[in-house]
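Chemist:
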RNA sequence: GGGGCCGUAGCUCAGUGGUAGAGCAUCUGCCUUUUAAGCAGAGGGUCGUUGGUUCGAUCCCAACCGGCCUCACCA
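Residue numbers (the numbering used here): 1 to 511.
Structural data, given as structure tokens:
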């Protein structure tokens, strides 16, 4: 089938799919064209926005003429006069349209619907019932809507509680048609405005300290920097399979080798793993590397940074997340991983063999597999039993060396590395370490990973010879950090699903 | 991948082994300060898809598609 035929059949199915509501609106659109209107105009001069008008209105001030534009979201026609609300990027405002005032445009208005985008010029006034509104002098249709939006009605009772009638609540529709969700559910917009503030305030915090924002490859010949399965893609001209990055780490450290003393990147990583309410296949990661610093210094920085982000985004250091109140005021608890396991389970895992660890895991109904090394078993015990209990921001420090192949050996505790994870609301929010900069040690750690891979661990890291070559030239002592921006946003906006902080969460394709 | 729940009008939902109903939205009429506007009337559905059982399926059964929750896996 050629493209032309495709287009024809697409058009046929489009026409068949039309329901009564859409057909009616297309008929109205034709009617408006006959009246000489262009239903899809090119521009409109807007000089005010809804919330500014509402906030600055004074009953005793001189009359003020404004020009606003937005989408019709409610409509009350009363014969020769009508009220409607339009929604613009900041909020809603009511319009009052009277036939005697706008003349023929009132007949045009009769052909308009919920969802149409209009521009109005008029006088700000207060109605009998007290709502600040715009008394229209002119009305322009800017874009006709031919597909009916869900109609969500609200009522604010005397206590100021907002009641929502007929909410648009089907999660599948909300995620697949986020544009509708955003039009109809204003709190969704708020979440994403906050998300932008999270990213903005992180960036400002790091820029102020002189760290350089950089970009590194998404398409990588060798993936690395984390334990995860990658997506594979194919480059046609090179006839070579590339991996979508699972982390920025190894490239950012190459830049530290190159002499930058502080670099960071905020970008998408991709992991080819299960999806649930805290995992999306593509997600946003902040990574930061600072020379001549260690993980202790990094803990101080993370406390300051997230505290400042919380202040910027929520206006305070205390944040309500579900049933919990989380307080980001520094300092936060710092406890070693093994101590935290001992505190919660009573088990001392220090110096235990792989078999002993497996037995302890089994005792606490934590599943382990044969391919797991000692490090992975400890991690399984930790994530299964301890992690969910950590609600207040807590630094878990000093991880087993086997599960941290890129982290530097602990300066005083054999078998451990200088690594911390920030836990909050039962999830990992950040991961950081004193970076391993000994090229020979790094090589042997990669070799250990290769052995795990041979045992069937699909997430074990692969040897990156170019990265080793970089380390061989010499990398200064460095502290490195990764923060999941989506999860940080979840905490700061009180959303329990990552899908609620990503505009277009991954879904199976329709049909 | 396992288990549970779900898919009925544009939206939110009810319902029945004899091809369906409500509220809002839509349409017609009335209405020049309404606000979940109101009053009177009307139209609108391949009941997720495909099979099976049955005289007959939207309902019972199976598979599939999609979603949510949960466990597993996983940052």
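Every residue gets a Cβ at the ideal spot worked out from N, C-alpha and C, and that includes glycine.
Would you tell me roughly how many angstroms separate the C-alpha atoms of residue 450 and residue 221, rounded to the nearest one?
Modeler: Cα-Cα distance, rounded: 17 Å.
Chemist: Would you identify the three-state DSSP class for residue 77, choosing helix, strand or coil?
Modeler: strand
Chemist: So, is residue 167 buried or exposed, given that buried needs 16 or more other C-beta atoms within 10 angstroms?
Modeler: exposed
Chemist: Should the region 441-449 be called in touch with the region 316-332, which here means at least 3 C-beta pairs below 8 Å?
Modeler: Flag = no, the region 441-449 and the region 316-332 do not touch.
Chemist: Beta-carbon separation of residue 459 and residue 228 under 9 Å?
Modeler: yes
Chemist: For residue 424, list the residues DSSP reports as bridge partners.
Modeler: 427
Chemist: Please list, in chain order, all residues of the same chain as residue 404 whose beta carbon is under 6 Å from its beta carbon, the five residues on each side excluded.
Modeler: 417 and 419
Chemist: Quick one: what's residue 49 bridged to in DSSP?
Modeler: Per DSSP, none; premise fails for residue 49.
Chemist: Going along the chain, which residues of its own chain have a beta-carbon closer than 7 Å to the beta-carbon of residue 501, five neighbours each way excluded?
Modeler: Cβ within range, chain order: 191, 195, 486, 489, 490, 493 and 495.
Chemist: Would residue 259 be called buried (16 or more neighbouring beta carbons within 10 Å of its own) or exposed?
Modeler: exposed
Chemist: Going by DSSP, name the residue or residues bridged to residue 507.
Modeler: Bridge partners of residue 507: none, in fact.
Chemist: Beta-carbon within less than 7 Å of residue 3's beta-carbon, same chain only, minus the 5 sequence neighbours each way: which residues are those?
Modeler: Because residue 3 carries a pLDDT of 37, less than 50, the predicted location of this residue cannot be relied on, and the following value inherits that uncertainty. Excluding residues within five positions, none has a Cβ falling inside 7 Å.
Chemist: Could you tell me whether the region 85-97 touches the region 37-56, using the rule of 3 or more Cβ pairs below 8 Å?
Modeler: At 8 Å Cβ cutoff, the stretches touch.
Chemist: If you measure between the beta carbons of residue 202 and residue 498, is that distance less than 9 Å?
Modeler: Taking the C-beta atoms as reference points, residue 498 is found no nearer than 9 Å to residue 202.
Chemist: How would you label residue 298, buried or exposed, when you count the other beta carbons within 10 angstroms and need 16 or more for buried?
Modeler: Buried, because 16 or more other Cβ atoms sit within 10 Å of the Cβ of residue 298.
Chemist: My output table needs one value for residue 205: the three-state DSSP class, helix, strand or coil.
Modeler: helix
Chemist: Which complete beta strand (DSSP E) runs does the region 201-258 hold, if anything under 3 residues is left out?
Modeler: 232-235 and 240-244
Chemist: Based on the DSSP secondary-structure assignment, which residues constitute the bridge partners of residue 267?
Modeler: 285
Chemist: On a CA-only basis, which of 106, 473, 466 and 342 is nearest residue 224? Give me that one, please.
Modeler: 466
Chemist: Given this structure, state the Cα-to-Cα distance separating residue 118 from residue 82, to the nearest angstrom.
Modeler: 14 Å
Chemist: What's the call for residue 96, buried or exposed, on a 16-neighbour Cβ count within 10 Å?
Modeler: buried
Chemist: Just checking my contact of residue 560 with residue 372 at CB under 8 Å: how many whole Å lie between their CB atoms?
Modeler: With the chain running from 1 to 511 in the structure shown, residue 560 is simply not present.
Chemist: Is the beta carbon of residue 62 sitting closer than 9 Å to the one on residue 280?
Modeler: Cβ distance not < 9 Å, so residue 62 and residue 280 don't count as in contact.
Chemist: Please classify residue 473: does DSSP put it in a helix, a strand, or coil?
Modeler: helix
Chemist: DSSP state of residue 329, grouped into three classes?
Modeler: coil
Chemist: Run the CB neighbour count on residue 19, radius 10 Å, all protein chains shown included, and call it buried at 16 or more, exposed below.
Modeler: exposed
Chemist: Residues in the same chain with beta-carbon distance under 6 Å from residue 509, minus the five sequence neighbours each way, listed in chain order, please.
Modeler: none
Chemist: So does the region 123-142 actually touch the region 153-160, counting three or more Cβ pairs closer than 8 Å?
Modeler: no
Chemist: Alpha carbon to alpha carbon, what distance is there between residue 432 and residue 273?
Modeler: 22 Å
Chemist: How close, in whole Å, do the beta carbons of residue 474 and residue 435 come, if the pair is a contact with beta carbons under 8 Å?
Modeler: At roughly 13 Å, the Cβ-Cβ gap does not stay under 8 Å, so residue 474 and residue 435 are not in contact.
Chemist: Go ahead and label residue 271 buried or exposed: buried means 16 or more other beta carbons lie within 10 angstroms of its beta carbon, across all protein chains shown.
Modeler: Per the 10 Å Cβ criterion, buried.
Chemist: Return the CA-CA distance between residue 332 and residue 300, expressed in angstroms with no decimal places.
Modeler: Spanning the two alpha carbons is a distance of roughly 9 Å.
Chemist: What does the alpha-carbon distance come out to for the pair residue 461 and residue 289?
Modeler: 20 Å
Chemist: Below 9 Å between beta carbons: does that hold for residue 136 and residue 120?
Modeler: yes
Chemist: Please state the DSSP three-state secondary structure of residue 404.
Modeler: If DSSP states are grouped into helix, strand and coil, residue 404 belongs with coil.
Chemist: Between residue 131 and residue 366, what straight-line distance do the alpha-carbon atoms span, to the nearest angstrom?
Modeler: 60 Å
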